[in-house]
Amino acid sequence: MVPKLMCDDDMVDIYSVPSGDKDSLKVTIKLSKEKIETINRICASFENNPEELINVLHETQNTLGYLPAEVQEIIAHNLKISSAHVYGVVTFYSYFTMVPKGDYPISVCMGTACYVRGAEKILEELKKELKIGIGETTPDQRFSISCLRCVGACGLAPVLMVGEKVYGSVSPDDVKKILNEYREDNEDCKCQQL
Ligand code: FES
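This is the structure:
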């Protein structure tokens, strides 16, 4: 029997456990009712079809920003698949993230054209400058780093993106200059959060 979702303020028991049933699995999810309803709505828009898992994950991440374990549990529940399966897909694709991205998510293209033109050196410079690794976010939540495959701008290789903005022909020396456009203490920074 599929357990019923129950909401109580911001605590949700995905699996309701009859008292005394020690063999039942209990998972307590801490998410706002609003977020749960959003996830339910997204799943329903794909008819809770397990074959639409990737689309559901894309839409959910676009809406909530990331896919923590709690969110994965709810998706698994709605699509009637195991949370291990959802986790496997989330961790397989580099696009998906389980941690919140920074206000300015930085993506380095590691496609062939960018790679041969020095994307790795740009990545190293970014990691050094921000003191974080791939998939991590700075403590002030301002920047995060991820890698992408070809973003379709090979003529501009190597390519780096900050949010949706594309920077082409980037050299390691350009990295600091680009970051400074988004740094809080930059008085000239007229950029909006992406
Ligand atoms: S390989 Fe980087 S844009 Fe195509």
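Here the sequence shown is numbered in the working numbering, starting from -9 and rising by one per residue.
Glycine included, every Cβ here is placed at the ideal spot set by N, Cα and C.
Return the bridge partner residues of T127 from the DSSP annotation. As a first step, residue 127 is located in the sequence shown; it is residue number 137 there, counting from the start. The beta-bridge partner set that DSSP reports for T127 consists of S134.
Nearest to Y85 by CA position, among K121, S73, V98, is which residue? For this step, residue 85 is matched to residue 95 along the sequence shown. For the set K121, S73, V98, the Cα lying nearest the Cα of Y85 is the one of V98.
Using the Cα positions of L150 and K166, report the straight-line distance between them to the nearest angstrom. Within the sequence shown, the letter at position 160 stands for residue 150. Within the sequence shown, the letter at position 176 stands for residue 166. Their backbone Cα atoms lie some 13 Å apart in a straight line.
Check K12 in the structure and name its three-state DSSP category. As a position in the sequence shown, residue 12 is number 22, starting the count at 1. Residue placement at K12 is poorly supported in this model, since its pLDDT is 47, which falls under 50; the coordinates still yield a value, given next. In the structure shown, K12 adopts coil according to DSSP, grouped into three states.
Taking the DSSP output, what are the residues bridged to I96? Against the sequence shown, residue 96 aligns to sequence position 106. In DSSP, I96 forms a bridge with I135, V152.
Does the ligand FES have even one heavy atom less than 7 Å from the beta-carbon of G101? Position 111 of the sequence shown, counted from the start, is the residue given in the question as residue 101. At a cut-off of 7 Å, the beta-carbon of G101 counts as near the ligand FES: some heavy atom of the ligand is closer than that.
Following the continuous alpha helix (DSSP H) through I122, name the residue where it begins and the one where it ends. Stepping through the sequence shown from its first residue, residue 122 is reached at position 132. Unbroken run through I122: none, as it is neither H nor E.
Below 6 Å CB to CB, which residues in the same chain sit around A103 once its five sequence neighbours on both sides are set aside? Start at 1 with the first residue of the sequence shown, and residue 103 comes out as number 113. Answer for A103: C144, A147, listed in chain order.
Could you check which residue in K20, N45, N39, T50 has the C-alpha nearest to that of T28? Against the sequence shown, residue 28 aligns to sequence position 38. Of the candidates K20, N45, N39, T50, the residue whose Cα lies closest to the Cα of T28 is T50.
Three CB pairs or more closer than 8 Å across the stretch 114 to 125 and the stretch 73 to 80: Contact between the stretch 114 to 125 and the stretch 73 to 80 is absent, because fewer than three Cβ pairs lie under 8 Å.
Distance between Y105 and C140 (C-alpha atoms, nearest Å): In the sequence shown, residue 140 corresponds to position 150, counting from 1. In the sequence shown, residue 105 corresponds to position 115, counting from 1. Spanning the two alpha carbons is a distance of roughly 10 Å.
Should G142 be counted as a contact of the ligand FES given a C-beta to heavy atom distance under 7 Å? Along the sequence shown, one-based indexing puts residue 142 at 152. Yes, Cβ of G142 sits closer than 7 Å to a heavy atom of the ligand FES.
Going by DSSP, what residues sit across from Y157 in a beta bridge? Here residue 157 corresponds to residue number 167 of the sequence shown, with the count starting at 1. In the DSSP output, where bridge partners are listed per residue, Y157 has L150.
Taking 6 Å as the limit between beta carbons, can you name the residues of its chain near V152, skipping five residues before and five after? Along the sequence shown, read from residue 1 onward, the residue named residue 152 stands at position 162. Result list for V152: Y94, I96, in chain order.
Taking all protein chains shown into account, decide if N52 is buried (16 or more other Cβ within 10 angstroms of its Cβ) or exposed. Reading the sequence shown from its first residue, position 62 is the one you call residue 52. N52 should be labelled exposed.
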